[in-house]
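S.K.: Following this message is one structure expressed as structure tokens.
Residue numbers (our numbering), protein chains in the order written: chain G, 207 to 419; chain H, 207 to 419.
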């Protein structure tokens with residue numbers, strides 16, 4: 207295994223640094239041009255190394271794609287929120303709702319700013335369809351249920367709680383594209399999203415005759 | 207080409223009727239068990255015909271999947287809405303918004319009730335990933351833009367209009383799963399969706415200082 211045939215400028219990197227660099231180059235290609243544009247040759251060329259070196263690190267294109275997907279997963283890999291009942295020890299349901307709605311939204315939008323474009327681009331990679339879909343659904347289901355549980359604690363019936371929670375979960379997903387593609391400013395997205403969420407929640411509680419605790 | 211070897215009860219169907227019947231059987235399998243459970247053998251067995259007959263009509267599993275996808279497409283195949291400017295000849299933007307928001311939501315939910323489960327199941331069929339994604343995005347983009355245009359006519363700035371329109375577009379997509387899987391009653395979904403949309407819109411217009419025409 208040698209990469210001494212390339213003419214491009216080279217620096218001495220440790221294997222870990224070299225691997226990191228190649229992943230970064232691959233990521234940049236995917237972010238700029240889409241997943242379909244990713245090839246071992248393209249990465250080698252842009253990184254200024256031989257194709258053989260890229261093959262040595264990732265085996266084949268599928269291995270490279272998996273490394274990019276691991277990037278996305280590590281960004282979103284956080285402990286799930288504790289059950290609602292545990293979190294309600296020191297705060298009222300309404301306080302918990304308003305605090306988490308704001309904090310979680312910001313955290314989520316931060317993650318999108320850091321890795322959303324890569325995730326978005328990888329969604330169209332055939333090899334990852336199942337992983338992406340599974341990841342999306344598992345995060346989604348846990349979230350929808352958590353928020354529905356909290357709305358029930360606030361006094362809403364379980365069916366309306368589920369619908370409202372799903373509605374804002376879907377809305378959150380849609381903000382993804384806007385943030386990742388830069389179609390609107392982050393501050394405006396956050397403002398419209400949070401104020402729409404709170405205004406519609408208050409309306410929903412009012413019309414259900416709920417006085418939130 | 208003969209299917210005289212099957213022992214299952216047979217009726218004399220025209221080729222069109224036979225084809226229709228086989229598509230219905232395939233659809234039912236996918237709706238009940240998911241796209242991965244679809245096979246030429248399974249359709250033949252459930253329809254009470256020979257495998258050869260199913261192959262004759264659809265060529266192979268891919269052809270059968272394409273026929274199911276055509277079902278979905280025909281259900282959603284409607285003329286796009288005329289541009290906002292054209293529709294504003296006889297009504298104010300606010301009247302147009304409220305009328306279309308209610309009518310379109312109901313139409314959309316009707317379509318989901320009729321074909322949403324099939325669509326939902328086909329989303330995980332690898333062969334259709336690109337078609338589904340392309341179909342989703344093109345409907346989505348046209349819709350997001352149409353509603354954003356109307357919100358601008360109501361006096362909102364284009365950036366907030368785009369965010370709000372995207373938000374409710376994402377929310378609509380999420381209702382899909384609820385309706386298709388039967389997780390909540392249609393009436394409750396419609397009520398929460400419409401009232402959340404209108405309450406948050408009024409709040410948004412108020413805080414932007416817009417007096418809607």
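Quick reminder that beta carbons are idealized off the backbone N, C-alpha and C, glycines included.
With a 10 Å radius around its C-beta and 16 neighbouring C-beta atoms as the bar for buried, classify residue 322 (chain G) as buried or exposed.
M.R.: Locating residue 322 (chain G) in the first chain gives position 116, where the first residue counts as 1. Buried: at least 16 other Cβ atoms inside 10 Å.
S.K.: Alpha carbon to alpha carbon, how far is residue 227 (chain G) from residue 220 (chain G)? Give it in angstroms, no decimals.
M.R.: Position 14 of the first chain, counting from 1, holds the residue named residue 220 (chain G). Position 21 of the first chain, counting from 1, holds the residue named residue 227 (chain G). Rounded to whole angstroms, residue 220 (chain G) to residue 227 (chain G) spans 10 Å at the Cα level.
S.K.: Measuring CB to CB, does residue 396 (chain H) end up less than 8 Å from residue 311 (chain H)?
M.R.: In the second chain, residue 396 (chain H) corresponds to position 190, counting from 1. In the second chain, residue 311 (chain H) corresponds to position 105, counting from 1. Cβ atoms of residue 396 (chain H) and residue 311 (chain H): closer than 8 Å.
S.K.: Taking 8 Å as the threshold (beta carbon to beta carbon), is residue 341 (chain H) in contact with chain G?
M.R.: Position 135 of the second chain, counting from 1, holds the residue named residue 341 (chain H). No, residue 341 (chain H) does not count as interfacial toward chain G.
S.K.: Consider the Cβ of residue 384 (chain H): report whether some Cβ of chain G lies at a distance smaller than 8 Å.
M.R.: As a position in the second chain, residue 384 (chain H) is number 178, starting the count at 1. Answer yes: the Cβ-Cβ gap between residue 384 (chain H) and chain G drops below 8 Å somewhere.
S.K.: Applying the 10 Å Cβ sphere with the 16-neighbour rule, what's the burial state of residue 313 (chain G)?
M.R.: On the first chain, residue 313 (chain G) is found 107 positions in, with the first residue counted as 1. So residue 313 (chain G) counts as exposed.
S.K.: Run through DSSP, which three-state label would residue 299 (chain G) get?
M.R.: The residue you call residue 299 (chain G) lines up with position 93 of the first chain. In this structure, residue 299 (chain G) counts as helix in the three-state DSSP scheme.
S.K.: For residue 355 (chain H) and residue 288 (chain H), what's the separation of their Cα atoms in angstroms?
M.R.: Stepping through the second chain from its first residue, residue 355 (chain H) is reached at position 149. Stepping through the second chain from its first residue, residue 288 (chain H) is reached at position 82. Using only the alpha carbons, I get a separation of about 12 Å.
S.K.: To test your reading of the DSSP string, which unbroken alpha helix (DSSP H) runs of 4 or more residues are found completely within the segment 275-329 of chain H?
M.R.: Qualifying alpha helix (DSSP H) stretches, in chain order: 290-293 and 299-328.
S.K.: What in chain H is Cβ-close to residue 354 (chain G), meaning under 9 Å?
M.R.: What you label residue 354 (chain G) is simply residue 148 of the first chain in a count that begins at 1. Within 9 Å Cβ-Cβ: nothing; residue 354 (chain G) doesn't reach chain H, min ~10 Å.
S.K.: Distance, Cα to Cα, residue 296 (chain H) vs residue 349 (chain H)?
M.R.: Position 90 of the second chain, counted from the first residue, corresponds to residue 296 (chain H). Position 143 of the second chain, counted from the first residue, corresponds to residue 349 (chain H). Cα to Cα, residue 296 (chain H) sits roughly 21 Å from residue 349 (chain H).
S.K.: From what residue to what residue does the alpha helix (DSSP H) around residue 339 (chain G) run?
M.R.: Position 133 of the first chain holds residue 339 (chain G). Taken as a continuous stretch (DSSP letters only), the alpha helix (DSSP H) holding residue 339 (chain G) covers 335-359.
S.K.: Let me confirm a value: residue 276 (chain H) is counted as buried when at least 16 other C-beta atoms fall within 10 Å, else exposed. Which label applies?
M.R.: Here residue 276 (chain H) is taken as the residue at index 70 of the second chain, counted from 1. So residue 276 (chain H) ends up on the exposed side.
S.K.: Would you list, in chain order, the members of the segment 364-375 of chain G that have their beta-carbon closer than 8 Å to a beta-carbon of chain H?
M.R.: Cβ contacts with chain H: 365, 366, 368, 369, 370, 372, 373, 374 and 375.
S.K.: Could you give the residue range of the alpha helix (DSSP H) that holds residue 426 (chain G)?
M.R.: Absent from the model: residue 426 (chain G). The displayed extent of chain G is 207 to 419, so no value can be given.
S.K.: How close, in whole Å, do the beta carbons of residue 390 (chain H) and residue 365 (chain G) come, if the pair is a contact with beta carbons under 8 Å?
M.R.: Taking the first residue of the second chain as 1, we reach residue 390 (chain H) at position 184. Taking the first residue of the first chain as 1, we reach residue 365 (chain G) at position 159. That belief holds up - the Cβ atoms of residue 390 (chain H) and residue 365 (chain G) are roughly 5 Å apart, short of 8 Å.
S.K.: Can you tell which of H:369, H:234 and H:301 has the C-alpha that lies nearest to the C-alpha of residue 383 (chain G)?
M.R.: Translated into the one-based positions of the first chain, residue 383 (chain G) becomes position 177. Among H:369, H:234 and H:301, the Cα nearest to that of residue 383 (chain G) is on H:369.
S.K.: Measure the C-alpha to C-alpha separation of residue 406 (chain H) and residue 372 (chain H) and round it to an integer number of angstroms.
M.R.: To locate residue 406 (chain H), count along the second chain from 1; it is residue 200. To locate residue 372 (chain H), count along the second chain from 1; it is residue 166. If I take the Cα positions, the gap works out to 13 Å.
S.K.: Beta-carbon of residue 398 (chain G) versus every beta-carbon of chain H: anything under 8 Å?
M.R.: The residue you call residue 398 (chain G) lines up with position 192 of the first chain. It does: the Cβ of residue 398 (chain G) has a partner Cβ on chain H nearer than 8 Å.
S.K.: Is residue 402 (chain H) close to chain G? Criterion is C-beta to C-beta, closer than 8 Å.
M.R.: The residue labelled residue 402 (chain H) in the question sits at position 196 within the second chain. Residue 402 (chain H) counts as touching chain G.
S.K.: Tell me whether residue 224 (chain H) counts as near the ligand ATP, meaning its Cβ is closer than 7 Å to at least one heavy atom of that ligand.
M.R.: You won't find the ligand ATP in this model; it holds no ligand whatsoever.
S.K.: Given that residue 390 (chain G) touches chain H, what residues does it touch there, using C-beta distances under 7 Å?
M.R.: Position 184 of the first chain, counted from the first residue, corresponds to residue 390 (chain G). Per Cβ cutoff of 7 Å: 365, 368 and 369.
S.K.: Comparing C-alpha positions only, which one of H:374, H:345, H:273 and H:233 sits nearest to residue 282 (chain H)?
M.R.: Counting from 1 along the second chain, the entry for residue 282 (chain H) is found at position 76. Nearest option by C-alpha distance: H:345.
S.K.: With distances taken between CB atoms, is the gap from residue 270 (chain H) to residue 284 (chain H) smaller than 8 Å?
M.R.: Position 64 of the second chain holds residue 270 (chain H). Position 78 of the second chain holds residue 284 (chain H). Cβ distance not < 8 Å, so residue 270 (chain H) and residue 284 (chain H) don't count as in contact.
S.K.: Classify residue 376 (chain G): buried if its beta carbon has 16 or more other beta carbons within 10 angstroms, exposed otherwise.
M.R.: Counted from its first residue, the first chain places residue 376 (chain G) at position 170. Residue 376 (chain G) comes out buried.
S.K.: Any idea what DSSP makes of residue 255 (chain H), helix, strand or coil?
M.R.: Residue numbering aside, residue 255 (chain H) sits at position 49 when the second chain is read from its first letter. Three-state result, residue 255 (chain H): coil.
S.K.: Alpha carbon to alpha carbon, what distance is there between residue 251 (chain G) and residue 259 (chain G)?
M.R.: Mapped onto the first chain, residue 259 (chain G) falls at position 53. Mapped onto the first chain, residue 251 (chain G) falls at position 45. About 11 Å.
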